[in-house]
Every structure is written in structure tokens, then in C-alpha cells.
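**Q** Under the working numbering, think of the first position of the sequence shown as 152, with each following residue one higher. Each residue gets a CB set at the ideal place from its N, CA and C atoms; glycine is no exception. Handing you a structure now.
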Amino acid sequence: MALPTIRELLNSSGPKTGAVARGWIKTRRDSKILSFAELNDGSCRESLQVVFSAENGDFSAVLPSLVTGAAVEIRGDLVASPAAGQKYELQARQVKVYGGCDPEKYPIQKKKTSDEFLRTVAHLRPRTNKYAAMLRVRSELAYAIHTYFRNNGFTYVHTPIFTASDAEGAGQMFTATSFDLTRLAGLPRTEAGEIDFSKDLFGKKVGLTVSGQMEGEALALALGKIYTFGPTFRAENSNTYRHCAEFWQIEPEMAFYELEDDMDLAEDFIKSITRDVMAKCPSDLELFAKYVEPTLMDNLKNITDNKFERLAYTDAVKILEPVNDRFEVKVSWGVDLASEHERFLVEQHFKKPVMLFNKPKEVAAFYMKLNDDGKTVRGMDVLVPRIGEIIGASERENRLDVLEGRMRDLKMKVDDYQWFLDLRRFGSVPHSGFGLGFERMMMLITGISNIRDVTAFPRVPGYAEF
Ligand code: 4AD
Ligand code: MG
152 MALPTIRELL NSSGPKTGAV ARGWIKTRRD SKILSFAELN DGSCRESLQV
202 VFSAENGDFS AVLPSLVTGA AVEIRGDLVA SPAAGQKYEL QARQVKVYGG
252 CDPEKYPIQK KKTSDEFLRT VAHLRPRTNK YAAMLRVRSE LAYAIHTYFR
302 NNGFTYVHTP IFTASDAEGA GQMFTATSFD LTRLAGLPRT EAGEIDFSKD
352 LFGKKVGLTV SGQMEGEALA LALGKIYTFG PTFRAENSNT YRHCAEFWQI
402 EPEMAFYELE DDMDLAEDFI KSITRDVMAK CPSDLELFAK YVEPTLMDNL
452 KNITDNKFER LAYTDAVKIL EPVNDRFEVK VSWGVDLASE HERFLVEQHF
502 KKPVMLFNKP KEVAAFYMKL NDDGKTVRGM DVLVPRIGEI IGASERENRL
552 DVLEGRMRDL KMKVDDYQWF LDLRRFGSVP HSGFGLGFER MMMLITGISN
602 IRDVTAFPRV PGYAEF
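Now the structure itself:
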């Protein structure tokens with residue numbers, strides 16, 4: 152039977168006899184006449200204090216099993232609590248132990264454990280306050296994102312995960328095949344001796360999508376404003392605090408939007424979802440401010456209250472070049488700015504989010520619209536403190552001849568992209584979009600500094616446990 156959660160019990164409008172709570176014991180302490188247990192069910196940061204008094208029953212046999220990690224059901228009376236910081240406590244009358252827990256072996260102990268250790272027990276770390284809070288915030292953030300787009304006239308679309316198009320043209324696609332690659336000798340071969348993917352399930356070589364953008368463009372050029380929210384995959388061997396091989400991306404795409412409209416949307420979107428989560432998860436965010444990132448609340452205010460700086464690439468270079476001695480990679484016009492440069496701009500120079508636009512075409516994706524100068528493109532990155540790039544965006548090249556020329560220059564197989572070019576052949580319009588990395592947004596909102604700790608089961612180089 153569905154029972155009220157502890158969150159609901161703690162928000163009750165009054166005391167209640169015959170209340171039931173189920174969850175996991177966080178801690179128990181005993182005094183001479185009373186015992187107290189903190190019971191948490193994951194519904195909120197707060198635990199319900201359960202009081203065991205000899206007046207209400209003989210708990211001496213069951214108390215030793217009420218150890219950290221044990222799963223229990225407690226029946227009793229919800230009464231106003233004399234203790235500070237909690238409205239109610241539960242006076243136990245009956246206890247049922249679902250599953251015991253050996254305190255010697257249970258890896259989740261009250262004492263502070265490191266993030267590195269907790270990653271090795273990712274199946275149990277959601278039982279800690281921090282990771283449960285992270286997962287609740289993750290859920291609220293996803294909901295805030297859907298709410299934002301829903302309130303602004305967007306259609307939620309689903310783009311494929313198996314795809315033959317490398318949407319970023321960066322060669323980071325995982326190959327997906329129905330062939331048994333452990334038996335290479337048995338695989339069909341072309342005359343040239345290569346694996347013959349025309350005999351594979353899809354009749355061609357496919358991979359896992361790196362981005363839903365291209366299919367998103369097709370849908371935007373029919374529905375006007377769309378967004379995707381789904382998993383994307385990149386086989387980049389980047390062992391950093393901000394890269395995952397599997398991450399979720401939110402990709403809005405809008406017909407008739409130029410780059411400036413795209414920037415307005417991206418800024419409003421980031422601010423709006425940040426405010427929304429701040430309003431919905433005050434207690435969980437307070438936990439992060441207390442135990443993870445002391446400057447969190449100021450950082451979030453910095454996002455919501457400041458106008459993002461809009462900075463052309465050429466102007467960024469003028470700021471960075473004079474301080475080149477700080478950087479590992481020296482900046483000059485044409486260099487692809489790296490995390491160290493991005494972070495200098497946002498953390499040291501502007502001290503607020505920056506929207507960096509008009510980068511050189513040599514360091515840009517093939518689909519970004521070429522500016523009239525012939526050198527830069529209408530692409531844009533949103534950079535934020537502590538993380539660097541959180542959004543990659545652009546106005547799309549909507550001129551058939553220019554796009555085809557660019558693809559040829561990049562030695563792309565133009566024939567494979569005919570459907571994408573059709574969007575420029577038939578009723579082409581200016582259009583723009585962006586991709587927000589969901590995990591990076593989670594890092595921003597929680598102050599958690601490693602991407603491995605903002606997703607329940609991270610997929611990173613050398614690691615795919617669970
Ligand atoms: O800048 P990216 O590569 O842009 C695109 O994929 C475009 N197709 C988006 C679009 O215009 N529709 O990736 C977008 C965002 C990045 O800014 C970053 O936040 C995140 O996705 N991202 C990653 N997050 C975690 N791990 C990785 N390996 C990531 N690569 C990109
Ligand atoms: Mg990018």
C-alpha cells in the first residue's frame with residue numbers, strides 16, 4: 152500500500168495517531184529510558200526522529216537490529232516534537248524490520264567518507280545525505296527544464312540514439328553493431344577486406360548519437376520550436392572533472408531564430424531553471440552550501456542576477472593575449488580556447504557568466520553559419536564559473552551552397568548528409584539552437600566539482616561499473 156512519505160509526514164497539518172513510516176535507519180542512540188532513531192526514506196533531506204519509550208512497548212528485543220542501514224517500518228503516533236529543528240517526531244508502538252544490516256560490513260558509515268570511495272559503492276551511495284540530495288535536485292532540474300520549454304511554446308521531441316550521422320563531425324561516435332566482434336574471423340568482409348557493415352542490422356555502419364541536433368533541425372523546420380532531452384555519447388578519451396562518455400543533453404532548436412535570439416533564450420533559460428531549482432530545493436541546496444561548496448548561494452545569485460557578458464572571440468583574444476604567461480596553451484587569434492582560458496574569462500576577468508560568440512571557422516563545427524567576414528562563424532558558448540563551457544550553440548548555416556562548400560572543405564562525405572541538405576533545399580529559414588550538458592548544469596546548481604558525482608552511475612574512461 153502506498154503510504155505517506157516522510158516528507159509528507161513532516162509536512163502534516165497536525166499530529167496523527169496510527170502513523171506509519173518506512174525507510175532506512177540513519178543512526179540510533181540510546182539513553183537510560185529512551186532510544187532515538189533517525190529514519191530516512193529518501194523523500195527529503197530531513198529524517199524523521201523515532202522515539203522508543205518503554206511506556207509504549209517493550210522494544211528491547213528489536214532495538215539491537217535498528218542499526219545504521221537497516222530497513223524498517225515503524226507504526227506509532229506522530230506528535231509535536233520538543234526538539235529544535237523538527238516539527239514532528241514519531242512515538243513508536245510497533246516495529247517491523249524488513250532487512251537487517253551488518254554495521255561491520257555496511258560501507259556507508261556516518262563518518263565522512265571520500266567521494267572517491269563512494270564512487271566504488273555507487274549502488275549504495277544514494278543512501279548518503281549528499282547523493283540523495285543530488286538525485287532529488289537532478290529530478291527537479293529535469294522537471295524545471297521541461298516546465299520552461301512547455302511554458303514557452305516548445306514541442307518536446309525524441310531523436311534517435313542509433314544514428315549514422317556524426318552530428319558534430321568530430322569523429323567521437325561509438326560504433327554500434329549487431330556483429331559479434333569477439334569473433335572477427337566470422338564477420339562479413341568487403342572485397343577490400345574491411346568489415347562489411349552493409350550486412351549489419353541497419354544495412355550500414357551506425358553509432359550512438361553524439362547530439363540530436365541534426366534530427367532536431369528537421370523537426371524545428373516543421374514544428375517551429377522543439378527541444379530534445381536525452382542521452383548522448385562521446386568516445387572522447389577525456390579523463391577530466393567535466394567529461395563523461397555518456398551524458399544527457401538538452402537541445403532546443405528554433406526556426407526563424409538568429410544568433411541573438413538564441414543567446415537571449417539561452418540566458419533566460421539558464422536563469423529561469425536555476426531560480427526554479429532554488430525555489431524547489433532550498434534544503435538540499437543548503438546541504439551543498441554547508442558541506443560541498445561554501446560559496447554556492449553566491450554563485451547561484453551570480454547566475455540569476457547578472458546580465459551575462461556577450462563577448463566576441465576577437466575581443467576575448469585581446470583580453471587573454473596579454474596574460475598568456477598564465478596559460479599552458481598560449482592564446483593568439485585562431486586558437487581554440489580551452490578550459491583554462493574560459494575559466495580565466497569568467498572567474499578572473501568578468502566574474503560572471505560569459506557568452507563567447509563569433510569564433511574562427513577553423514575551430515567550429517561544420518554546421519555553424521559563416522559570418523560575412525568569411526573567417527568567423529555564428530557559434531556561441533555559454534561559459535560559467537568553475538566549469539567553463541556549459542552550452543554550445545549556433546545559428547545554423549541555412550544557405551545550401553555555403554554549407555555544401557564547407558562540408559567539402561572539411562572532406563565530409565556530402566552524400567551521406569543529403570537529408571540534412573534537403574532542409575536547405577526546401578523552405579530553408581534562418582534557424583538556431585543550442586545544447587546544454589545536463590550534468591554540467593548539475594555541477595553548477597549543486598557546487599559538486601566532479602561530473603562523476605552528479606549522475607548516479609557515471610560512464611567515464613576506464614569505468615563502467617554497475
Ligand atoms: O558543444 P557541444 O559539443 O554541442 C553540440 O553537441 C551541439 N550539437 C549542440 C546544439 O547546438 N544543439 O555539446 C553541448 C554541451 C556542452 O556545452 C557541454 O555542456 C556538454 O554538451 N558536453 C558534455 N558534457 C559531459 N561530458 C561530455 N563529454 C560532454 N561533451 C559536451
Ligand atoms: Mg562545445
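#1: Is the segment 285-298 touching the segment 345-353, taking contact as three or more C-beta pairs under 8 Å?
#2: Less than 8 Å separating the beta-carbons of M506 and F459?
#3: When you compare the segment 368-381 with the segment 397-405, are there three or more beta-carbon pairs, one atom per stretch, that lie closer than 8 Å?
#4: Taking the CB atoms as reference points, tell me whether E240 and V213 lie closer together than 8 Å.
#5: Name the residue from S216, V361 and E224 whose alpha carbon lies nearest to the alpha carbon of E255.
#6: Do L496 and G598 have their C-beta atoms within less than 8 Å of each other?
#7: Relative to ligand 2, is the shortest distance from any of its heavy atoms to the C-beta of E540 smaller than 7 Å?
#8: How is the alpha helix (DSSP H) around N390 delimited, first residue to last?
#9: Say yes only if the C-beta of D532 is nearer than 7 Å to one or more non-hydrogen atoms of ligand 2, and no if none qualify.
#10: Can you tell which of S545, S186, I542 and Q569 has its C-alpha closest to the C-alpha of E555?
#11: Taking the straight line between their C-alpha atoms, what separation do you get for K526 and I312?
#12: Along the chain, which unbroken stretches of the alpha helix (DSSP H) at least 4 residues long are found entirely within the segment 472-532?
#13: At what residues does the beta strand (DSSP E) containing Q400 begin and finish?
#14: Taking contact to mean 3 or more Cβ pairs, one atom from each stretch, closer than 8 Å, check whether the segment 355-369 and the segment 292-305 are in contact.
#15: Apply the 10 Å Cβ neighbour rule to V535 and answer buried if 16 or more other Cβ atoms are within range, or exposed otherwise.
#16: Taking the alpha-carbon positions, what's the L587 to E224 distance?
#17: Going by the DSSP bridge assignment, what does S98 pair with across the sheet?
#18: By how many angstroms is the C-alpha of E206 removed from the C-alpha of F305?
#19: Determine contact between the segment 157-168 and the segment 226-242, defined as no fewer than three beta-carbon pairs at a distance below 8 Å.
#20: So, under 8 Å CB-CB, V361 and D317 are touching, yes? Tell me the CB distance rounded to an integer number of Å.
#21: Taking the beta strand (DSSP E) that D351 falls in, what are its first and last residues?
#22: What residues in its chain sit with their C-beta under 8 Å from that of V611, if we drop five residues either side in the sequence?
#23: Less than 8 Å between the CB atoms is what I'm expecting for A406 and A371, so what's the real figure, rounded?
#24: Could you pull the DSSP bridge partners for G358 from this structure?
#25: What whole-angstrom Cβ distance do R529 and E546 have, given they're in contact under 8 Å?
#26: Residues in its own chain within less than 7 Å of L185 by CB, not counting five upstream and five downstream?
#27: For the alpha helix (DSSP H) containing A222, name the first residue and the last one.
#28: Using three-state DSSP, classify Q569 as helix, strand or coil.
#29: Mind reading off the beta-carbon distance from G539 to R477? Whole number of angstroms is fine, and I expect it under 8 Å.
#30: Rank M324, P339 and S490 by C-alpha distance to the C-alpha of D331 and give the top, closest one.
#31: On the premise that I176 lies in contact with A221, defined as a C-beta separation below 8 Å, what is that separation, rounded to the nearest angstrom?
#32: Let's see if you can read the secondary structure: which residues bound the beta strand (DSSP E) around Y378?
#33: Going by C-alpha to C-alpha distance, which of K247, F508, L190 and I421 sits closest to F210?
#34: Please determine whether the Cβ atom of G375 lies at a distance below 7 Å from any heavy atom of ligand 2.
**A** A quick look at the data gives this:
#1: no
#2: yes
#3: yes
#4: no
#5: S216
#6: no
#7: yes
#8: No alpha helix (DSSP H) contains N390, which DSSP labels as neither H nor E.
#9: yes
#10: Q569
#11: 33 Å
#12: 490-494
#13: E397 to A406
#14: no
#15: buried
#16: 41 Å
#17: The displayed coordinates of the chain run from 152 to 617. Any statement about residue 98 would go beyond what the structure contains.
#18: 59 Å
#19: yes
#20: 6 Å
#21: Note, D351: premise wrong, no beta strand (DSSP E); not H, not E.
#22: N390, H394, C395, A396, I602 and R603
#23: 5 Å
#24: T314 and T326
#25: 4 Å
#26: V202, F203 and S204
#27: Segment A222 to A231 is the beta strand (DSSP E) holding A222; no alpha helix (DSSP H) there.
#28: helix
#29: The Cβ separation is near 15 Å, so there is no contact.
#30: P339
#31: 5 Å
#32: K376 to F384
#33: K247
#34: no
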